[in-house]
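Asker: For the record, the sequence lines run as chains A and B. Note that numbering that gives the first Met the number 0 gives residue 146 to position 147 of the first sequence, counting from 1, and the numbers run on in steps of one. Note that numbering that gives the first Met the number 0 gives residue 189 to position 190 of the second sequence, counting from 1, and the numbers run on in steps of one. Mind looking over this structure? Questions follow.
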Amino acid sequence: MIASRDPAGRTILVALALVMLAVSLVSIRYGAIDFTLEQMLSAMLDLAGGREPATLDGRIFAQIRLPRAVMCLAVGACLGVGGTLMQALFRNPIVEPGLVGTSSGAALGSALYFVIGSTLGLNPGPWALPAAACLGGILATYLVFALAETRVEGRSSIVLLLLTGLAVNALCLSGIGFLSYIARDPQARSIIFWNLGTMSGADWTSVLLVGTVTVGGVALALRFARPLNALMLGEQEALALGVDVARLKRAVLAVNVAMVAVATAFTGVIGFVGLIVPHMLRIAHGADNRYLIAGSALLGASLLTVADLVARLSLRPAELPIGIVTSVVGVPVFLSLLRTRQYVF
Amino acid sequence: MLAATDLEFRAGARVLAACRSVAFEPGRLHLIAGPNGAGKSTLIKLLARIQAPSAGRVFYGGVDARTLDVRELARRRAVLSQAVDVVFPVSSRELVMMGRYPHFTGRPSAADETVCDEVMAFSEADALGRQSYGTLSGGEKQRVNFARALAQVWRPLPGGGCRYLLLDEPLTFLDIRHQIEFMRKVRSFAIQPDVVAVGVVHDLSLAARFADRVLLMNRGGVVAEGAAADVLTPAQLEEVFGIRPRIARDELGETHLVFA
Numbered sequence: 000m001i002a003s004r005d006p007a008g009r010t011i012l013v014a015l016a017l018v019m020l021a022v023s024l025v026s027i028r029y030g031a032i033d034f035t036l037e038q039m040l041s042a043m044l045d046l047a048g049g050r051e052p053a054t055l056d057g058r059i060f061a062q063i064r065l066p067r068a069v070m071c072l073a074v075g076a077c078l079g080v081g082g083t084l085m086q087a088l089f090r091n092p093i094v095e096p097g098l099v100g101t102s103s104g105a106a107l108g109s110a111l112y113f114v115i116g117s118t119l120g121l122n123p124g125p126w127a128l129p130a131a132a133c134l135g136g137i138l139a140t141y142l143v144f145a146l147a148e149t150r151v152e153g154r155s156s157i158v159l160l161l162l163t164g165l166a167v168n169a170l171c172l173s174g175i176g177f178l179s180y181i182a183r184d185p186q187a188r189s190i191i192f193w194n195l196g197t198m199s200g201a202d203w204t205s206v207l208l209v210g211t212v213t214v215g216g217v218a219l220a221l222r223f224a225r226p227l228n229a230l231m232l233g234e235q236e237a238l239a240l241g242v243d244v245a246r247l248k249r250a251v252l253a254v255n256v257a258m259v260a261v262a263t264a265f266t267g268v269i270g271f272v273g274l275i276v277p278h279m280l281r282i283a284h285g286a287d288n289r290y291l292i293a294g295s296a297l298l299g300a301s302l303l304t305v306a307d308l309v310a311r312l313s314l315r316p317a318e319l320p321i322g323i324v325t326s327v328v329g330v331p332v333f334l335s336l337l338r339t340r341q342y343v344f
Numbered sequence: 000m001l002a003a004t005d006l007e008f009r010a011g012a013r014v015l016a017a018c019r020s021v022a023f024e025p026g027r028l029h030l031i032a033g034p035n036g037a038g039k040s041t042l043i044k045l046l047a048r049i050q051a052p053s054a055g056r057v058f059y060g061g062v063d064a065r066t067l068d069v070r071e072l073a074r075r076r077a078v079l080s081q082a083v084d085v086v087f088p089v090s091s092r093e094l095v096m097m098g099r100y101p102h103f104t105g106r107p108s109a110a111d112e113t114v115c116d117e118v119m120a121f122s123e124a125d126a127l128g129r130q131s132y133g134t135l136s137g138g139e140k141q142r143v144n145f146a147r148a149l150a151q152v153w154r155p156l157p158g159g160g161c162r163y164l165l166l167d168e169p170l171t172f173l174d175i176r177h178q179i180e181f182m183r184k185v186r187s188f189a190i191q192p193d194v195v196a197v198g199v200v201h202d203l204s205l206a207a208r209f210a211d212r213v214l215l216m217n218r219g220g221v222v223a224e225g226a227a228a229d230v231l232t233p234a235q236l237e238e239v240f241g242i243r244p245r246i247a248r249d250e251l252g253e254t255h256l257v258f259a
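Following this line, the structure appears as structure tokens:
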């Protein structure tokens, strides 16, 4: 995965994997209630054996705490890798994974669900919200892509995509603003909460879906690493190095939209993780995408796990929206990293 | 052999480059000269197939470049551009290794690593390998990029056939010593019997000194093609550049174009 000449990169990846394991263990142990190691172990054994845990605590652990922890890992990995892919594709360090319309489209889809669903008095079941959000994210991304496809020769198609993404994001945000404005109070609050993100809805079914998309997405993303490296030099240079830039662009966008739309659908909009994860890794060890993609899966998973732990512990037994934690904790860390280390873009 | 027929590139209604028929033979250094806006860089990009022409075709060894897979083409054709900027921190060594990307999948082989060592030594970039590309000076960047382009086509192709090296104003950031050495190195690479080398240079004295063949361009079209002494004549240059050079002979008996 990593070049034979990059032992330092491999060391960082191993360390990140260990960190991920450690924060996951802390995360499943502490929360609204704390579990002992014996409780955790016996509940996990029951789960592995397909048995219902005997105690209430055991059931809470197996059916709520554990899927939530796995969901954090999967969504964090999706956002981290999505951020890396988008920054590499756009050759731009300020890009977030939702830039091409995915998260704002998902937010608009969910807002439509909250307002129209409750106005019409529909009760379409637990999968309607994620479905509406996922569909919104995919449609908005497709709109961006369709509008940015151009037959004009000699124009940078990737810059056009970036600008189109900004425009469609603005459109979606004004749609959300309008829906919040006309919504009655409980709906408006639902829209706000969804835009701040939460991990509390995770169950094994949704975890299985998000987890599958995550594993598939990361595996595909790793195959884009070398072509994305070549793209660092520019579109024409990448072409000269044998990269089919048009095909790479479509493939990267497809993988990114699948990961981000599915993750966002179940957790709401979680900002900042996708932006800072690639930067933290680049500050540590440069911009080789083989290292960055693998590392951003591990670091994104760890960061979101820590953020969720903070969200659950800071107002015990209530919890903070996770999007607030990622921003409040992430921004100062990010700014200090940018200022104190020598970081050449 | 690298050839093109009825090649044209338009931006809107303006024709940036057009040439009815042009061919570049292996074993010689071909240099393209001409004033600003003559279409030199555009022609190089069209020939390299990193810019699609508005009309016309490019042939690599008689094969239409459109039918070649981009990766297949990249194994035999390298391009060195005017200036390459990278927004993210990447080591010079990895940048040179990118020249081997078309040649391997998975990990670079020992042979790929060897090629990188050789081209970095050849282009005097071997001391820069561990440094981040973004921290290098313009001239150092150009040497690293030269190594990357050479890495693409350094070894003869296993199945035979020509290798192609296309240079787009490669001297821009080099000081006078590095300009001369760069041209010497390009020439020593270009005179191999299976190498087709075409480059754009601004300095007419360097073109006269190092080129086997010179292609003179003006206003998007080809004005003259031939041996340097036949193309870079005072009359021809005055017509194209609007300034007439004198020809001076130095104490070693070499002739120079003097613009004053």
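Glycine included, C-beta positions come from ideal geometry on N, C-alpha and C. In this text the structure is predicted, and so the values were computed from the model without any measurement.
Determine the direct distance from the alpha carbon of residue 81 of chain B to that of residue 1 of chain B, and round the result to whole angstroms.
Answerer: Spanning the two alpha carbons is a distance of roughly 21 Å.
Asker: May I have the straight-line CA-CA distance separating residue 251 of chain B from residue 48 of chain B, to the nearest angstrom?
Answerer: Using only the alpha carbons, I get a separation of about 42 Å.
Asker: Does any residue of chain A have a CB that is nearer than 8 Å to the CB of residue 87 of chain B?
Answerer: Judged by the 8 Å Cβ criterion, residue 87 of chain B is in contact with chain A.
Asker: Report all residues from its chain with a CB closer than 6 Å to the CB of residue 113 of chain A; omit the five preceding and five following residues, and keep chain order.
Answerer: Contacts found: 186, 189, 190.
Asker: My guess is that residue 18 of chain B and residue 28 of chain B are in contact by the Cβ rule of under 8 Å, so how many angstroms apart are they, rounded?
Answerer: That belief does not hold up - the Cβ atoms of residue 18 of chain B and residue 28 of chain B are roughly 19 Å apart, past 8 Å.
Asker: In whole angstroms, what separates the C-alpha of residue 108 of chain B from that of residue 101 of chain B?
Answerer: Near 12 Å, if we compare the C-alpha coordinates of residue 101 of chain B and residue 108 of chain B.
Asker: For residue 113 of chain B, report the span of its alpha helix (DSSP H) as first-last.
Answerer: 109 to 121 is the span of the alpha helix (DSSP H), which, as asked, contains residue 113 of chain B.
Asker: Measuring CB to CB, does residue 167 of chain B end up less than 8 Å from residue 199 of chain B?
Answerer: Yes, they are a contact pair.
Asker: When the distance is taken between beta carbons, is residue 135 of chain A closer than 8 Å to residue 105 of chain A?
Answerer: It is a contact, given that the beta carbons lie within the stated cut-off.
Asker: Cβ atoms of residue 171 of chain A and residue 100 of chain A: under 8 Å apart, would you say?
Answerer: Their beta carbons are under 8 Å apart, which means residue 100 of chain A touches residue 171 of chain A by this criterion.
Asker: Check residue 229 of chain A in the structure and name its three-state DSSP category.
Answerer: Reduced to three states, the DSSP call for residue 229 of chain A is helix.
Asker: DSSP three-state label for residue 43 of chain A, please.
Answerer: Three-state result, residue 43 of chain A: helix.
Asker: Using C-beta distances below 8 Å, list every residue in its chain close to residue 106 of chain B, excluding the 5 sequence neighbours before and after it, in chain order.
Answerer: Excluding sequence neighbours, residue 106 of chain B sits near nothing in its chain.
Asker: Against chain B, does residue 232 of chain A count as a neighbour if the rule is that its beta carbon must be under 8 Å from one of theirs?
Answerer: Answer yes: the Cβ-Cβ gap between residue 232 of chain A and chain B drops below 8 Å somewhere.
Asker: Could you check which residue in B:71, B:21, B:10, B:76 has the C-alpha nearest to that of residue 53 of chain B?
Answerer: That would be B:10, whose Cα lies nearest to the Cα of residue 53 of chain B.
Asker: So, at 8 Å on beta carbons, what are the nonlocal neighbours of residue 83 of chain B in its own chain, with the 5 sequence-adjacent residues on each side left out?
Answerer: Cβ neighbours of residue 83 of chain B beyond the five flanking positions: 140, 144.
Asker: Cα separation between residue 262 of chain A and residue 170 of chain B?
Answerer: The straight-line gap from Cα to Cα measures roughly 49 Å.
Asker: Determine whether the Cβ of residue 143 of chain B lies closer than 8 Å to any Cβ atom of chain A.
Answerer: No, residue 143 of chain B lies away from the interface with chain A (no Cβ there is under 8 Å from its Cβ).
Asker: So what does residue 225 of chain B bridge to, in DSSP terms?
Answerer: In the DSSP output, where bridge partners are listed per residue, residue 225 of chain B has B:213.
Asker: State yes or no: is the C-beta of residue 75 of chain A within less than 8 Å of the C-beta of residue 302 of chain A?
Answerer: Yes, they are a contact pair.
Asker: Give the DSSP bridge partners of residue 164 of chain B, in chain order.
Answerer: DSSP, once it has assigned bridges, lists B:77, B:196 as partnering residue 164 of chain B.
Asker: Please report the distance separating the alpha-carbon of residue 83 of chain A from that of residue 286 of chain A.
Answerer: Taking the straight line joining both Cα atoms gives about 10 Å.
Asker: Who are the Cβ neighbours of residue 25 of chain B in its own chain at under 7 Å, not counting the five residues just before and after it?
Answerer: 0, 161, 192, 193, 194, 195, listed in sequence order.
Asker: Below 8 Å between beta carbons is the criterion; list the residues of the stretch 87 to 105 of chain B that meet it against any residue of chain A, in chain order.
Answerer: Taking 8 Å as the Cβ-Cβ cut-off against chain A, the residues of the stretch 87 to 105 of chain B that qualify are 87, 88, 89, 90, 92, 93, 94, 96, 97, 98, 100, 101.
Asker: By the DSSP assignment, the alpha helix (DSSP H) with residue 314 of chain A in it spans what residues?
Answerer: Careful: residue 314 of chain A lies outside any alpha helix (DSSP H) and carries neither H nor E.
Asker: Three or more beta-carbon pairs under 8 Å between the stretch 40 to 53 of chain A and the stretch 306 to 325 of chain A, yes or no?
Answerer: Result no; under three Cβ-Cβ pairs closer than 8 Å.
Asker: Would a check of beta-carbon distances place residue 92 of chain A closer than 8 Å to chain B?
Answerer: Yes, its Cβ sits closer than 8 Å to a Cβ of chain B.
Asker: Would you say residue 242 of chain A lies against chain B (beta-carbon separation less than 8 Å)?
Answerer: Yes, its Cβ sits closer than 8 Å to a Cβ of chain B.
Asker: Please confirm whether residue 338 of chain A has its beta-carbon closer than 8 Å to some beta-carbon of chain D.
Answerer: No chain D appears in the structure shown, which is made up of the protein chains A and B.
Asker: What is the rounded straight-line gap between the Cα of residue 79 of chain B and the Cα of residue 40 of chain B?
Answerer: Residue 79 of chain B and residue 40 of chain B: Cα-Cα distance of roughly 11 Å.
Asker: Quick check on DSSP: helix, strand or coil for residue 23 of chain A?
Answerer: Helix at residue 23 of chain A.
Asker: Closer than 8 Å, Cβ to any Cβ of chain A: which residues of the stretch 12 to 44 of chain B, in chain order?
Answerer: Residues passing the 8 Å Cβ filter: 44.
Asker: Mapping DSSP to helix, strand and coil, what is residue 325 of chain A?
Answerer: Residue 325 of chain A: helix per DSSP, three-state reduction.
Asker: Just list the residues that DSSP pairs residue 246 of chain B with in beta bridges.
Answerer: BP columns for residue 246 of chain B point to B:256.
Asker: Considering only the alpha carbon of each residue, which of A:178, A:147, A:173 lies closest to residue 164 of chain A?
Answerer: Comparing Cα-Cα distances from residue 164 of chain A to each of A:178, A:147, A:173, the minimum goes to A:147.
Asker: Should residue 108 of chain A and residue 127 of chain A be called a contact, given that it needs their Cβ atoms to be closer than 8 Å?
Answerer: No. Outside cutoff.
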